[in-house]
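Take a look at the structure set out below.
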Amino acid sequence: MEYSKLLDLTADLGYGLAISGAETFRIEESITRILAAYEIEAEAFVIPNCMHISIEPVIGRPLTRMRRIGMHGNDLDAVECYSNLSRRICQERPAPEIAEKWLKEAKEQIRRYTFPWYALANMMGAFGFALLFGGSILDGVIASICGLVIGLVNKWMDHLGANQFFSTVAAAFPMSILAYMLNVYFPAVRSDAVIIGALMILVPGWLFTNAMRDIIYGDTNSGINRIVQVLLIAVAIALGAAAAWNVTVLIWGTPVSSLPVSHALWFECLACAIGCLGFSILFNVHGWGSLLCLLGGMLTWSVYAICLEFGVHELAAYFAGALFASAYSETMARIRKYPALSYLVVSVFPLIPGSGVYYAMEFAVKGDIEQFANKGMTTAAIAGIIALGIILVSTVVRLWRTRKRKTV
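Numbering that gives the first Met the number 0 numbers the first residue of the sequence shown as 0 and each following residue consecutively.
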């Protein structure tokens, strides 16, 4: 048995999953199941920035591999490709050389959107969510331009190798300046809706979803690590927008706030569909997966909005939406044999409280500590209730799968 080659294979596959943004439990299970298929006892320990694999050969000393994990991406197509390869290796148990060849082929088969698609996705995401959060068509158009600014800054920061905190501040600042400036010269422009729609591109919805799923599966260290990253990115968004607010006040005066525009449910669903389609491209979802993500986002928002129409409390409505998004994702995952993350991360995105982060920042900048505390607490409560909905469904599904395996 070529233990060293198998160990290298699983380390490479696990690393590919990790940098693509897969959950911790998926990485560890993929590694241990492949090695178990070759009747090798193994232990895998993965946290967001490090991976350690150890095996016990029948003859000889234990072997280990440790790999440092760099910047994580948002690549759902890669997660699907590597997950499918893991299942294929477990079923067929090829020679290590053939498995390595399959891994190289899987890397080459991962699809990527070109830059024009990336730019369009940023514009669509910002446009759709600006409308969803009470903006007019004009606000949506301006938000799409701001979304393009964020996309260009993010690409430039990636080229320079900047860390995510600095990249987020650098992207939030010029976008917010543009929105506030246009509001000064054109009061019909609702800067709040424009900025919230564009800032959704920077909101760490993927990290938040992964953190919740890590905690569900008992990977507390990884979950807390990701939660800290979520909080740091939220602070970076607030810093960038707050700096833009202060500059705007010094140069042009205080921006004018106006009431949000009320839209019919069908219009909100259409806006949600546009925004979710943009994010499915940003998360590198292809083919039917994009349409299923779009549908999941629309239906999730519909559940939330209908609950509000029937007088359900806002937090209960968020909980119902999160329950549906998680159930929908688990169902699609079983039907299409793809990771549930591929559907959950986009389906739940309309519920992510990006507006709460923005308004909490605005109250802090204005010195209204009481309103800042209230909005911050409300935003935290919404995030917690969404997490509870995801945890509940995922836990039930995991218990059902465990029971099913034991009865087979």
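Ideal Cβ placement from N, Cα and C applies to all residues, glycine included.
Identity of the residue in Ile-58, Ile-226 and Ile-30 nearest Asn-83 by Cα
Ile-30
Report the residue ranges of all alpha helix (DSSP H) runs contained in full by the stretch 167–224; include only those spanning at least 4 residues, in chain order.
190–198 and 204–215
Alpha-carbon to alpha-carbon, Cys-271 and Trp-265
10 Å
Among the residues of its own chain, which have a CB less than 6 Å from the CB of Arg-110, if the five just before and after it don't count?
Asp-76 and His-285
If you reduce the DSSP assignment to three classes, tell me which class Ser-143 lands in.
helix
Return helix, strand or coil for Glu-40, following the three-state DSSP convention.
strand
Under 8 Å between the Cβ atoms of Pro-254 and Val-183?
yes
Is Glu-38 closer than 8 Å to Glu-55 when the C-beta atoms are compared?
no
Sort Thr-63, Ser-325, Gly-160 and His-71 by Cα distance to Tyr-14 and report the nearest one.
His-71
By alpha-carbon positions, which one of Gly-366, Ser-289, Ser-85 and Pro-93 ends up nearest to Lys-106?
Ser-85
For Arg-64, does the three-state DSSP call read helix, strand or coil?
strand
Give me the Cα-Cα distance between Tyr-117 and Leu-151, rounded to the nearest whole angstrom.
10 Å
State yes or no: is the C-beta of Gly-355 within less than 8 Å of the C-beta of Ile-381?
yes
Below 8 Å, can you find three or more Cβ-Cβ pairs linking the stretch 169–178 to the stretch 134–153?
yes
Do Cys-292 and Tyr-337 come within 8 Å of each other at the CB atom, strictly closer than that value?
no
Those residues which DSSP pairs with Ile-97 across a bridge:
According to DSSP, which records beta bridges pairwise, Ile-97 is partnered with nothing at all.
In the structure shown, what three-state DSSP assignment does Ser-345 receive?
Note on identity: in this sequence residue 345 is Val, with Ser being the wrong assignment. If DSSP states are grouped into helix, strand and coil, Val-345 belongs with the helices.
Measuring only the C-alpha atoms, how far is Ile-368 from Glu-361?
10 Å
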